[in-house]
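Working notes for the structure below.
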Amino acid sequence: MNNFKEQVEQKTDQELIDIFVKSQDYQEEFISVVDDELKRRNVPLDSVKQIKSESNEVINKKIEDGVQGNTFWIVICFLAAILGGIISIIAGYIYAYSKRRNLQGETYYYYNKQTRKYGKIILIIGIIMFLIGLALRFA
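Residues in the sequence shown are numbered from 2 upward in steps of one, following the working numbering.
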């Protein structure tokens, strides 16, 4: 805690405000020291809290919407699925079902709806082709 206090005291008001606004990137103890230092310096926290709230809303919205999967890798996964590779099954599962938490701890899918749809298709094709491959080997 003392180490945090020394670090925080050396920072400018603007640096402390930036840290306070992006608090999800820092340890809770560090943010507590930053908060105390901002109060000690008489920095008006009402406007900073508003900025932090708006920033958190933007971050949460991005998390809720999900990430668009990389088109190149999705095409590669489709090709691997057609060849019946285990990697395509794993990739399809990841694209379809990966999740993460927002700043309030709520769980959302990592990828957007379109990417998840492609992931499910890759997963199904990969499983079917893998099973066909196994059947042909043991037939």
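For every residue, glycine included, the Cβ atom is placed at its ideal position computed from N, Cα and C.
Predicted, not measured: the structure shown is a model, and the values here were computed from it.
Assuming contact is defined by CB atoms lying nearer than 8 angstroms, are residue i and residue j in contact in what I supplied?
{"i": "SER24", "j": "ILE32", "result": "yes"}
{"i": "ALA97", "j": "LYS121", "result": "yes"}
{"i": "ASN103", "j": "ILE64", "result": "yes"}
{"i": "GLY134", "j": "GLY85", "result": "yes"}
{"i": "TYR109", "j": "SER99", "result": "no"}
{"i": "VAL22", "j": "VAL44", "result": "no"}
{"i": "GLY70", "j": "TYR27", "result": "no"}
Determine the burial state of residue i: buried for a count of at least 16 other Cβ atoms within 10 Å of its Cβ, exposed for fewer.
{"i": "PHE139", "result": "exposed"}
{"i": "ILE75", "result": "buried"}
{"i": "PHE73", "result": "exposed"}
{"i": "VAL9", "result": "buried"}
{"i": "ILE87", "result": "exposed"}
{"i": "LEU124", "result": "buried"}
{"i": "THR116", "result": "buried"}
{"i": "LEU39", "result": "buried"}
{"i": "ILE129", "result": "exposed"}
{"i": "GLY106", "result": "exposed"}
May I ask you to list the residues that DSSP assigns as paired with residue i?
{"i": "ARG101", "result": "TYR109"}
So which of the options has the shortest CA-CA distance to residue i?
{"i": "ILE90", "options": "TYR112, VAL59, ILE64, ILE77", "result": "ILE77"}
{"i": "ILE60", "options": "PHE79, ASP47, ARG101", "result": "ARG101"}
{"i": "ASP37", "options": "PHE131, ALA136, GLU7, LYS62", "result": "GLU7"}
{"i": "GLY127", "options": "LYS114, LYS118, PHE79", "result": "PHE79"}
{"i": "GLN11", "options": "GLU30, ILE95, VAL68, VAL34", "result": "VAL34"}
{"i": "ASP14", "options": "GLN69, GLN51, ARG42", "result": "ARG42"}
{"i": "GLY67", "options": "GLU58, ALA136, ASN113, ASN57", "result": "ASN113"}
Inset, instruction - For the stretch 49–108, list the beta strand (DSSP E) runs that are entirely contained and at least 3 residues long, ordered along the chain. - result: Segments of the beta strand (DSSP E) lying fully in the stretch 49–108: 100–102.
Inset, instruction - Write down every uninterrupted run of the alpha helix (DSSP H) in the stretch 15–41 whose length is 4 residues or greater and which is fully enclosed by it, in chain order. - result: For the stretch 15–41, whole alpha helix (DSSP H) runs of length 4 or above, ordered along the chain, are 29–41.
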